[in-house]
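Participant: Can you keep this structure in mind? I'll have questions shortly.
In full-length UniProt numbering, the protein residues as written are 1 to 198.
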């Protein structure tokens, strides 16, 4: 049973990595099987609905992994440092892959026409990340509405900067977004702290 689970997890990890680097449409099931080192017929054993199921589950898995990293960061270092770490992670990923690899769930959101479950999974992942950041901002003194708006803005700004950085083959967009986001977060959190201490 462990081998079945491991083979399935290997295929999910391989699919997420290949989608992140090549995109959903440019990645075939054969590519995933080869990358995972899985037996040829195994993909339909683990994913009987084929590629749409694989894309959806790989997106959910990647989204949950990123969500866990965000939660851990927020618990350990707070919102601003976590946003910095998210951006640094993406910057490092871009640099180490020659601007090939991007967000782990964006390919499903952008190319998921043939896998609507994957688009839903991507949307749910983005929402989960936003909600997690918003909860932390609220705990740091922001109103719920302001916390949710700032969390949505943060994720949207980072995702947009990541796309621009890939297209321009430069981390400048991420660097500038990081500077502006951190300045905004610092100002908002300082103001919230000042109000709560009154």
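Glycine included, C-beta positions come from ideal geometry on N, C-alpha and C.
(1) Do you know offhand how far residue 16's Cα is from residue 125's?
(2) Could you check if residue 30 is buried or exposed, using at least 16 other CB atoms within 10 Å of its CB as the buried criterion?
(3) Give the secondary structure of residue 140 by DSSP, where H, G and I count as helix, E and B as strand, and everything else as coil.
(4) Three-state secondary structure (DSSP) at residue 109?
(5) Just verifying my parser: in three-state terms, what is the DSSP assignment at residue 191?
(6) Measuring alpha carbon to alpha carbon, tell me which of 87, 166, 184 ends up nearest residue 98.
(7) Please report how far the alpha carbon of residue 96 lies from the alpha carbon of residue 145, in whole angstroms.
(8) How many angstroms separate the CA atom of residue 1 from the CA atom of residue 48?
(9) Candidates 44, 118, 177: which alpha carbon is nearest residue 154's?
(10) Does residue 47 come out as helix, strand or coil in the three-state DSSP assignment?
(11) Using 8 Å as the threshold, is the C-beta distance between residue 55 and residue 135 below it?
(12) Report all residues from its chain with a CB closer than 8 Å to the CB of residue 73; omit the five preceding and five following residues, and keep chain order.
(13) Buried or exposed: residue 199, going by 16 or more other Cβ atoms within 10 Å of its Cβ?
(14) Residue 63: buried (16+ other C-beta within 10 angstroms of its C-beta) or exposed?
(15) Checking contacts by CB at 8 Å: is residue 149 closer than that to chain D?
(16) Take residue 201 as the anchor and find which of 142, 35, 71 has the nearest alpha-carbon.
Facilitator: Looking at the atomic coordinates:
(1) Between the alpha carbons of residue 16 and residue 125 lies a distance of about 14 Å.
(2) Under this definition residue 30 is an exposed residue.
(3) In this structure, DSSP gives residue 140 a state outside helix and strand, which the three-state scheme calls coil.
(4) For residue 109, the three-state secondary structure derived from DSSP is helix.
(5) The answer is helix: DSSP assigns residue 191 an H, G or I state.
(6) It is 166 whose Cα lies nearest to the Cα of residue 98.
(7) If you take the alpha carbons of residue 96 and residue 145, they lie about 37 Å apart.
(8) Any reading at residue 1 is ruled out, since the residue's pLDDT is 37, under 50, leaving its predicted position unreliable.
(9) If we check each option's Cα against that of residue 154, 177 comes out closest.
(10) Of the three classes helix, strand and coil, the one that applies to residue 47 here is coil, per DSSP.
(11) Judged by beta-carbon spacing, residue 135 lies beyond the 8 Å limit of residue 55, meaning their Cβ atoms are not closer than that value.
(12) Hits under 8 Å: 81, 82, 85, 86.
(13) Any question about residue 199 goes unanswered here, given that the chain covers just 1 to 198.
(14) That one is buried.
(15) Looking for chain D here will not work: only one protein chain is present.
(16) With the chain running from 1 to 198 in the structure shown, residue 201 is simply not present.
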